[in-house]
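Trainee:
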Amino acid sequence: MMKVVRGFYSVAYSVKQCKPDVICAYPITPQTEIVERLADMYANGELGNCEYITAESEFGAASILVGASATGARSFTATSSQGLILMSEVLLSAAGMRLPIVLVNANRSLSAPLSIWNDQQDSIFMRDACIMQLYIENNQEVHDVMPIAFKVAENRRVMLPFMVCMDGYKLTHAYEPVDLLDEQMVDKFLPPYDAPVKLSVDKPLTFGCYAPPPYYTEFRVAMQNAIMGAGDIMLKEFKKWYKITGRDWGGHVVAENPDAEVAVITMGSLTGLVRDVVSEMQKEGKNVGVVKLRTFRPFPVEDIKKALKNANKIIVFERAVSFGHEGPVAIEIKSANYESGADVYSFAVGLGGRDIPRDLIREIIDKVIEGKVEPGFQFEGVKPFEEVIP
Amino acid sequence: MTYFASGHGACPGCGIPVAVRNIIDAFDGKCFVANSTGCLEIISSQYGRSAWGVPYIHSLFENPAAVAAGIESALKALGRKDEGHVLVFAGDGATADIGIGPLSGMFDRNHDVLYICLDNEAYQNTGNQQSGLTPMGCLTTTTPVGKLMPGKIRQKKDMVAIALAHKLAYVATASVAFPREVVRKAKKAVEFEGAKYLQIHSPCVTGWGITGDQSFKIAKLAFETGLYPIVEFEHGELIRVRKIKEKRPVEEYLKIQKRFRHLFTHPKGEDVIKTLQSIADENIRRYNLMGTETEV
Ligand SMILES: Cc1ncc(C[n+]2csc(CCOP(=O)(O)OP(=O)(O)O)c2C)c(N)n1
Ligand SMILES: [Mg+2]
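Protein sequence lines correspond, in order, to chains G and Y.
Just so you know, we're using our numbering here: the first sequence kicks off at 2 and counts up by one.
Just so you know, we're using our numbering here: the second sequence kicks off at 107 and counts up by one.
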């Protein structure tokens, strides 16, 4: 059923159709309305036997889900920014315990300075946590991705947390037409969670043991194997989803113009604008193309190589900074694609919600094509400013 | 048959495994345990050598109350509520300091969880650092005794009052010195729906500077001085206290533990001992601990 809804509702409605057993809620802008919409559904008895828990903090919310997931419950929460970072200790513990918790992160910048607006510093910070990360372009995509997130997380060969990253405000607050999923269809795609191991009195197991040096490494190897293997499992589920719904969101990487010599890489909602600018430039005869990076963890090395095989100049629009080094996406691209020798130009744009004007995108791409800029990392759209510390 | 196997790594004389084993055995293994990082976790949950015969989970130092809340919620959602009671075993540091936020949240939402604080009066797993439940005058590695300082300055945090302030159905203290009472209280607690708090005094041989054979005697002495009142509240009402038959002066308790011995020589020690005596006297007055009746 097609309906014009906001991003929050698109997530909440899809989560409802996934029939979670336990949902934890803690407010933080711009995520809050996701858990508020779920609260409405709970209040109206639309969530079945689901327990909806108002935690005392994001730390508590994630911890509650650790207990719930270990007991065999399908578990969901949504958060953002400071909330995600507050959860981080727990989420690492969840990954190590192989708990398939699904969360939506409404991407928002990190303090300080405090900012409630959008960039992707928060989820990028969680890069090394052994949590799958998928970035979203629009509100139909996030609606479609939620059942896939549960299915992949709960796959016995994976059993890891899955974080769906959607740009705060830009997606969460946006109205878009969304084809709302129907229950039977989701039921068919996503069976109830059948935990391969769980806390139960019949078969008492110890979760969260400590591992001395003779054992620790193998736990970490198993985690790495699981998340590396998750890539193919995701692709299979993407395909199944396409068959069911007719909507193809592509694989981990979508190379929209694979022959282009100048590739522009984006992640998240910025893709739409970049696509627009690029197609305008293509009409002017410029050999430039868009590469949309969807899956950030596991990092799709082979797909990236394939997508960039004809590119000699690679532009990355970064929504975060790896302070002390450079753009975090560029780091990954260089590492994946180092054999090609292509030049990588990494531009941090729109930090803390600063507007990313169409003209700026165009200007950046033009100056790379025209060779007016050296490869490397830089901030774009910066105003003259004084050092804070004199 | 026991649900807490031997071969764990606790120090000889540690009260913790005794309390834990008695409790989970009393539930005939029908319970779920969430444990904080700390002595109990380290002695019992090494990979491949778990002592636990009940479903057990350890996540972090500061989150066992929330993890237990999650277990309880999952059991409800999945229609498995009858499978067993949900218990937390957590140290005093996990309870009164770093985990007090999640603990308050769990109390406030009134999850059907029995939270058991194993109070050995410091961060013992990391080598005896002070916690909110370390008593006044106590020597720990972060409240050392020096020319200026006579050990810890402030008194124990009143966790019982904090638990009561959350309007819990059942709040009690106990001591490993009285093992039957520990079991009775755990069994009593789970009869109440909602969150329950039980705080068990448990000596630490290494941290307190005592020998293993003394630990239960010293725990008993803590109670007999009035320093560790053993009380029981139902729905906010004090319904029962353990009565002190023969009151002992606090010095008797202090002088036999290395963690307090400096109080008898330090220039500020006399004042600290006086204050500790007045804390004990106040406990005795407030809870009416003297006399023969067991019911209040
Ligand atoms: C966030 C965090 N901070 C510090 C530690 C280190 N740590 C582990 S156990 C512990 C002390 C535990 O004390 P308590 O809760 O009283 O339990 P005990 O070991 O005394 O039984 C500390 C400080 C940790 N594991 N996690
Ligand atoms: Mg302790």
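All residues carry an ideal CB built from backbone N, CA and C; glycine is no exception.
1. Rounded C-beta distance between VAL288(Y) and ALA301(Y)? I'm assuming under 8 Å.
2. When Cβ atoms are compared, which residues of the region 64 to 96 of chain G fall closer than 7 Å to chain Y?
3. Tell me which residue opens and which closes the alpha helix (DSSP H) that LYS152(G) is part of.
4. Going by alpha carbons, who is nearest to SER341(G) out of ILE315(G), GLU90(G), VAL179(G) and SER116(G)?
5. Taking a contact to mean a Cβ-Cβ separation below 8 Å, would you say PHE380(G) touches ALA331(G) in this structure?
6. Going along the chain, which residues of its own chain have a beta-carbon closer than 7 Å to the beta-carbon of ALA127(Y), five neighbours each way excluded?
7. Please list, in chain order, all residues of the same chain as ALA321(G) whose beta carbon is under 7 Å from its beta carbon, the five residues on each side excluded.
8. Straight-line CA distance for ARG99(G) to HIS174(G)?
9. Quick check: VAL143(G) and VAL12(G), are their CB atoms within less than 8 Å of each other?
10. In the DSSP assignment, the alpha helix (DSSP H) including LYS189(G) goes from what residue to what residue?
11. Please look up how many angstroms separate the CB atoms of ILE149(Y) and HIS114(Y), rounded, as I've assumed it's under 8 Å.
12. Check distances from the C-beta atoms of the region 192 to 212 of chain G to those of chain Y and list, in chain order, the residues that come in under 7 Å.
13. By alpha-carbon positions, which one of PRO335(Y), ILE345(Y), ALA228(Y) and ALA172(Y) ends up nearest to CYS244(Y)?
14. Please go through the same chain and pick out, in chain order, the residues whose beta-carbon is closer than 7 Å to the beta-carbon of LEU182(G), but skip the five residues on each side of it.
15. Give the secondary structure of MET164(G) by DSSP, where H, G and I count as helix, E and B as strand, and everything else as coil.
16. Please work out which residues of its chain come closer than 7 Å, Cβ to Cβ, to GLY233(Y), disregarding the five sequence neighbours upstream and downstream, and give them in chain order.
17. Could you round the C-beta distance between MET212(Y) and ALA269(Y) to whole angstroms and report it? I think they count as a contact, below 8 Å.
18. Starting from CYS244(Y), follow its DSSP beta bridges and name the residues at the other end.
19. What are the boundary residues of the beta strand (DSSP E) that includes ASN169(Y)?
20. Hey, is the region 34 to 43 of chain G in contact with the region 206 to 218 of chain G, meaning 3+ C-beta pairs nearer than 8 Å?
21. If we cut at 8 Å on Cβ distances, does CYS51(G) have a partner in chain Y?
22. Please list, in chain order, the chain Y residues whose beta carbon lies closer than 8 Å to that of VAL23(G).
23. Would you mind telling me which residues of chain Y sit closer than 9 Å to ALA56(G), beta carbon to beta carbon, in chain order?
24. Tell me which residues share the same chain as GLY97(G) and place their Cβ nearer than 6 Å to its Cβ, disregarding the 5 neighbours each side in the sequence.
25. Short of 7 Å in beta carbon distance, which residues of its chain neighbour VAL179(G), apart from the five on each side in sequence? Order them along the chain.
26. Identify the contact partners of TYR43(G) in chain Y, using a Cβ-Cβ distance below 9 Å as the criterion.
27. Out of ILE177(Y), PHE167(Y) and VAL282(Y), state which residue places its alpha-carbon closest to the alpha-carbon of CYS137(Y).
28. Can you check whether the CB of PRO309(Y) is closer than 8 Å to the CB of SER321(Y)?
29. Less than 7 Å between the CB of ASN141(Y) and some heavy atom of ligand 2, yes or no?
30. For ILE362(G) and ASP188(G), I'd like the C-alpha separation in whole angstroms.
31. Can you tell me which of VAL23(G), TYR27(G), ILE24(G) and GLN32(G) puts its alpha carbon nearest to the alpha carbon of PHE9(G)?
32. Where does the unbroken beta strand (DSSP E) through ASN128(Y) begin, and where does it stop?
33. How many Å lie between ALA325(Y) and TYR303(Y) at the Cα?
34. Under 7 Å: does the beta carbon of ALA325(Y) sit that close to some heavy atom of ligand 2?
35. Following a CB-centred definition, is LEU146(Y) positioned closer than 7 Å to any heavy atom of ligand 1?
Mentor: In this structure, then:
1. About 19 Å; that fails the 8 Å criterion.
2. SER64, ILE65, LEU66, VAL67, GLY68, ALA69, ALA71, THR72, GLY73, ALA74, GLU90, VAL91 and SER94
3. 140 to 155
4. ILE315(G)
5. no
6. A small correction: the amino acid at residue 127(Y) is Arg; Ala does not occupy that position in the sequence shown. These residues qualify, in order along the chain: THR108 and PHE110.
7. ASP120, GLN121, GLN122, ILE125 and PRO329
8. 32 Å
9. yes
10. 184 to 190
11. 5 Å
12. LEU200, SER201, VAL202, PRO205, LEU206, THR207, PHE208, GLY209, CYS210, TYR211 and ALA212
13. ALA228(Y)
14. SER15, GLN18 and HIS144
15. strand
16. THR247
17. Not confirmed; about 11 Å, so no contact.
18. Answer is none; CYS244(Y) lacks a bridge partner.
19. Counting along the chain, ASN169(Y) falls outside any beta strand (DSSP E), and DSSP gives it neither H nor E.
20. no
21. yes
22. GLY176, SER179, ALA180 and ALA183
23. ALA172, ALA175, PRO208, GLY211 and ARG215
24. none
25. LYS4, VAL6, SER11, ASN140, GLN141 and HIS144
26. Those within 9 Å of TYR43(G) in chain Y number zero; the least Cβ separation is about 12 Å.
27. ILE177(Y)
28. yes
29. no
30. 42 Å
31. GLN32(G)
32. It is not in any beta strand (DSSP E) - ASN128(Y) instead sits in the alpha helix (DSSP H) that spans 122 to 132.
33. 20 Å
34. no
35. yes
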